[in-house]
Amino acid sequence: MISRRLNLCVQYACDPSGLPLRPLVRACARAALSVDGARGGRITVRFVGIEEGQSLNRHFRGKDYATNVLSFPYETEPVVCGDLVICAPVVEHEADEQSKAPEAHFAHLIVHGVLHLLGYDHEAGKKQARLMEKQECAILAELGYTDPYCGIT
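Written as structure tokens, this is what we have:
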């Protein structure tokens, strides 16, 4: 039997003011994990500042800038194990640029990151990108958020 337990660690390596609290992070992670059937996971979500976000992106992706979310999957069976690193200032800036509530954008990126931990990859082609976006929209709607792609070109 597959474990449905979510072992979640939330870390704040930057000023936690205005960042999602553990209950929201848990709700987003649990909703995303349910996409491929109810299963559990061992996930760490770490909120970081620009310096750490840029350093990790440079080291692991060869890109010298801070990005919104980095996903580090370790295994998917029997449960999902992995880390998410969310660069809070980037997410807050994007939310402002896109006229979105920061909470909604953080929720979107947590869901997006967990889908990456599940093996979804929007960079693997248009079909995969559409599938991932469809999953994100459905999960976020279930959580009470609007379509995260509405109005983004």
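In my numbering, the protein residues as written are 30 to 182. Yeah, the Cβ is synthetic: ideal placement off N, Cα and C, and Gly gets one too. Quick caveat, the model's predicted, so the values are computed rather than measured.
Look at the Cβ atom of residue i, then the Cβ atom of residue j, and state whether they are nearer than 8 Å.
{"i": "Val-120", "j": "Ile-72", "result": "no"}
{"i": "Ser-100", "j": "Leu-113", "result": "yes"}
{"i": "Tyr-103", "j": "Phe-76", "result": "no"}
{"i": "Ala-136", "j": "Leu-53", "result": "yes"}
{"i": "Glu-132", "j": "Pro-45", "result": "no"}
{"i": "Tyr-178", "j": "Glu-152", "result": "no"}
Who are the near neighbours of residue i in its chain, counting only those whose CB is closer than 8 Å to its CB and skipping five residues on each side?
{"i": "Asp-176", "result": "Cys-166, Leu-169, Ala-170"}
{"i": "Leu-138", "result": "Asn-97, Val-98, Ile-115, Val-120"}
Can you tell me where the alpha helix (DSSP H) holding residue i begins and where it ends?
{"i": "Pro-49", "result": "Taken as a continuous stretch (DSSP letters only), Pro-49 belongs to no alpha helix (DSSP H), as it is neither H nor E."}
Since residue i is in the beta strand (DSSP E), which residue starts that stretch and which ends it?
{"i": "Gly-70", "result": "70-77"}
{"i": "Asn-36", "result": "35-41"}
{"i": "Glu-104", "result": "98-104"}
Whose C-beta lies closer than 7 Å to the C-beta of residue i among residues of the same chain, with five residues either side of it excluded?
{"i": "Glu-269", "result": "Nothing in the structure corresponds to residue 269, since the chain is present only between 30 and 182."}
With a threshold of 6 Å on Cβ separation, who are the neighbours of residue i within its own chain once the five nearest residues in sequence on each side are excluded?
{"i": "Leu-146", "result": "Ser-100, Pro-102, Val-109, Gly-111"}
{"i": "Tyr-174", "result": "Ala-133, Ala-136"}
Between residue i and residue j, which are expected to be in contact by the criterion C-beta below 8 Å, what is the C-beta distance as a whole number of angstroms?
{"i": "Leu-35", "j": "Gly-70", "result": "5 Å"}
{"i": "His-134", "j": "Glu-123", "result": "6 Å"}
{"i": "Ala-60", "j": "Leu-160", "result": "That pair is no contact at about 17 Å."}
Output the residue ranges of the alpha helix (DSSP H) runs that lie fully inside the segment 111-180 and measure 4 residues or longer, sorted by chain position.
Qualifying alpha helix (DSSP H) stretches, in chain order: 117-126, 131-147, 155-171.
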